[in-house]
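J.: Below is a structure I'd like to ask you about.
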Amino acid sequence: MYPILHDENKLLLIDRFITEYVHAGHVPTEYLQLVIPNAGLYFESDSDFDMLSQHMQLGYFSVWLHDIFAKKDIVLCPYSPYHLWALHFMYEDTLRTESIKIPEFMLEERQCNLFNLYSEMHRVPMKAGQKVLSFHINIMPSNVPKLVQQYPGLYNLANKRLEKFSGMINDRPYRINAVCNYLIQSIVSCKYVEEVAQYYLHRCCVDLFLNFSLQDATPPPTIQLFTPIQTVMLHQVFNYVTTNPHMQHSVAELANMFNMPGAQLAQGFRHHFCIGITPFINMVRMMHVYNSIMQKSITLGMVAAATGYRNTVDMLKEVDGYYECNVMVMRREQ
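Take 28 as the starting number for the sequence shown in the working numbering and just add one per residue.
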């Protein structure tokens with residue numbers, strides 16, 4: 028079903044036809060701290076490398092994390108068994124891809140790209156001692172228009188022209204910005220399982236695609252738009268919102284707090300983080316409210332009061348709409 032490789036060539040399945048997970052007991056103790064409770068596991072190890080792969084199927088999305096450590100010089104051979112798109116985020120090191128059909132390409136650390144991958148094998152050398160974390164969200168190209176119907180912000184991606192060979196869909200690589208990192212950390216640290224995890228993690232994936240789509244639709248600036256001091260201030264706003272997720276500030280209130288013109292704050296935040304400041308506040312708040320509701324030791328009234336809602340009905344309606352689920356049902360079933 029899949030290619031069989033030998034010696035220094037190591038097959039890296041980008042996705043799989045059939046999921047046959049291994050029990051966590053087959054994973055060495057030192058890797059268990061990396062395991063996501065809701066994920067299916069694969070572990071491969073020999074004298075050349077260790078690779079922990081984790082997978083979650085979330086609606087249209089197939090999410091994969093690959094923790095790979097090269098004990099010797101090896102060649103990773105990424106392979107997809109069918110045509111897919113992969114929104115890829117690279118952590119911990121930089122690798123150089125090799126391909127007969129396309130020029131060499133650098134997978135830079137803390138860089139993200141959207142790849143159009145056909146069913147073919149690629150080559151990615153790793154030097155002994157290198158360690159990488161590859162995080163990617165796969166989606167079948169035929170499902171992208173369906174997703175756009177629910178989330179119009181993805182319209183830009185649905186109209187991409189595809190080449191007849193595997194390669195990068197975006198015109199230039201993008202850095203993993205703070206919002207994407209925040210969402211990815213929320214995914215890899217998620218302790219929920221089953222439906223409670225499904226809805227929460229699915230929305231995180233949607234928000235990662237929305238962030239990438241806006242980044243891809245925005246032309247690069249021809250001049251430096253913001254001074255270093257202004258950039259520091261924008262990151263302070265980001266940190267304030269994420270450390271006070273129960274608050275619902277307006278742009279004007281935040282601008283006043285950080286002594287910035289409102290228009291500059293709105294434009295700067297969108298430029299640096301590829302999301303509007305108001306949608307970002309709402310995203311962080313929804314994540315906080317969802318997490319709070321799932322703590323049965325806290326009453327719904329307490330959650331509503333702490334997050335500024337007039338009543339629990341308004342709170343549940345907003346959270347249900349954001350996550351497209353019934354959070355009360357899942358709270359009871361935990």
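For every residue, glycine included, the Cβ atom is placed at its ideal position computed from N, Cα and C.
Within its chain, find whatever has a CB closer than 8 Å to the CB of residue 135; leave out the 5 residues flanking it on each side and keep chain order.
T.: Taken in chain order, the residues that qualify are 117, 121, 200.
J.: When you compare only the Cα positions, how much space is there between residue 58 and residue 47?
T.: The straight-line gap from Cα to Cα measures roughly 19 Å.
J.: With a cut-off of 8 Å, do at least 3 Cβ pairs link the stretch 97–111 to the stretch 238–249?
T.: Touching, no.
J.: DSSP puts residue 67 in a beta bridge; with which residues?
T.: According to DSSP, residue 67 bridges with 82.
J.: Please work out which residues of its chain come closer than 6 Å, Cβ to Cβ, to residue 282, disregarding the five sequence neighbours upstream and downstream, and give them in chain order.
T.: 289, 292.
J.: Measure the CB-CB distance between residue 263 and residue 285 and report whether it falls below 8 Å.
T.: Going by C-beta atoms, residue 263 is nearer than 8 Å to residue 285.
J.: Go through its chain and collect everything with a Cβ distance to residue 241's Cβ below 6 Å, but skip five positions before and after it.
T.: Excluding residues within five positions, the ones whose Cβ falls inside 6 Å are 301.
J.: How is residue 198 classed by DSSP in three states: helix, strand or coil?
T.: Coil, per DSSP.
J.: From the DSSP secondary-structure annotation, give me the bridge partner or partners of residue 113.
T.: According to DSSP, residue 113 bridges with 142, 165.
J.: Bridge partners for residue 123 per DSSP, in chain order?
T.: Paired residues: 133.
J.: From residue 196 to residue 359, what does the alpha carbon distance come to, in whole angstroms?
T.: When rounded, the distance between both Cα atoms is 43 Å.
J.: Leaving out the 5 sequence neighbours to the left and right, which residues in its chain are closer than 6 Å to residue 231 when beta-carbon positions are compared?
T.: Cβ within range, chain order: 210, 213, 214.
J.: May I ask which residues mark the beginning and end of the alpha helix (DSSP H) holding residue 102?
T.: Not the alpha helix (DSSP H): residue 102 falls in the beta strand (DSSP E), residues 101–106.
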